[in-house]
Amino acid sequence: MGIRRGFRRLRLNGLCNAQQLCQFPGALQNFAMEEFGSNSICLDHDRQDPWRIQTEIGFSDLKMLGASCHRHRCVRGSGLEVTIGNSTYTCPLEGGSIKLNVEAPSGRLLGSVHCPICETLCPMELYGWKNADHFGTLADLELALVE
Numbered sequence: 030m031g032i033r034r035g036f037r038r039l040r041l042n043g044l045c046n047a048q049q050l051c052q053f054p055g056a057l058q059n060f061a062m063e064e065f066g067s068n069s070i071c072l073d074h075d076r077q078d079p080w081r082i083q084t085e086i087g088f089s090d091l092k093m094l095g096a097s098c099h100r101h102r103c104v105r106g107s108g109l110e111v112t113i114g115n116s117t118y119t120c121p122l123e124g125g126s127i128k129l130n131v132e133a134p135s136g137r138l139l140g141s142v143h144c145p146i147c148e149t150l151c152p153m154e155l156y157g158w159k160n161a162d163h164f165g166t167l168a169d170l171e172l173a174l175v176e
């Protein structure tokens with residue numbers, strides 16, 4: 030679950046190829062609070078706890094959204110963090126689902142997302158990197174190793 034090599038999930042803005050970084054925003058409304066760029070990864074949504082928006086008048090179902098792009102970073106001592114909207118979640122080191130409860134412009138975003146195994150994005154060698162509170166992304170590591 031989480032990131033799958035070569036696996037494609039339907040996204041509201043098109044298909045999400047987990048091998049690629051989420052770099053190109055679509056023109057549709059951003060219900061999933063997606064972020065795009067070199068710090069973003071594609072995360073699968075939990076089919077047992079599908080995404081929905083809670084408003085004052087009820088719920089809007091987002092089952093058609095099977096994956097979305099979100100910012101991530103590797104943090105010393107805690108591992109992989111993903112940011113969805115204004116909320117940051119720490120993923121289990123072994124991967125697995127995390128429940129979301131995020132304030133969104135259209136209401137409250139609820140549901141679960143699958144985190145990849147931490148080592149998929151944050152190699153264990155990084156935990157020995159000194160003089161930093163966080164490791165950033167794999168692109169940051171490549172730059173640090175070159176210096």
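My numbering puts the last residue of the sequence shown at 176; the count rises by one with no breaks. Here a beta-carbon is modelled for each residue, glycine too, at the ideal position from N, C-alpha and C. No experiment lies behind these values; they were computed from the predicted model shown.
Note that the C-beta distance between TRP80 and LEU72 is not below 8 Å. In the three-state scheme derived from DSSP, where H, G and I count as helix and E and B as strand, GLU110 is classed as strand. In the DSSP annotation of this structure, the continuous segment of the alpha helix (DSSP H) that includes CYS147 starts and ends at 147-150.
Setting aside the 5 residues that flank it on each side, TYR118 is surrounded in the same chain by VAL111 and ILE127, each with a C-beta closer than 6 Å to its C-beta; the list follows chain order. Remark: C-beta atoms of GLN83 and LEU139 approach each other more closely than 8 Å.
The beta-bridge partner set that DSSP reports for CYS71 consists of CYS98.
In this chain, LEU91 is not harboured by any beta strand (DSSP E), its DSSP state being neither H nor E. Out of ALA61, CYS103, ALA96 and SER69, the CA that lies nearest to the CA of PRO152 is found in CYS103. Relative to the Cα of LEU94, the nearest Cα in the group LEU150, GLY87 and VAL142 belongs to VAL142. By alpha-carbon distance to ILE86, the top candidate from LEU150, ASP75 and ARG137 is ARG137.
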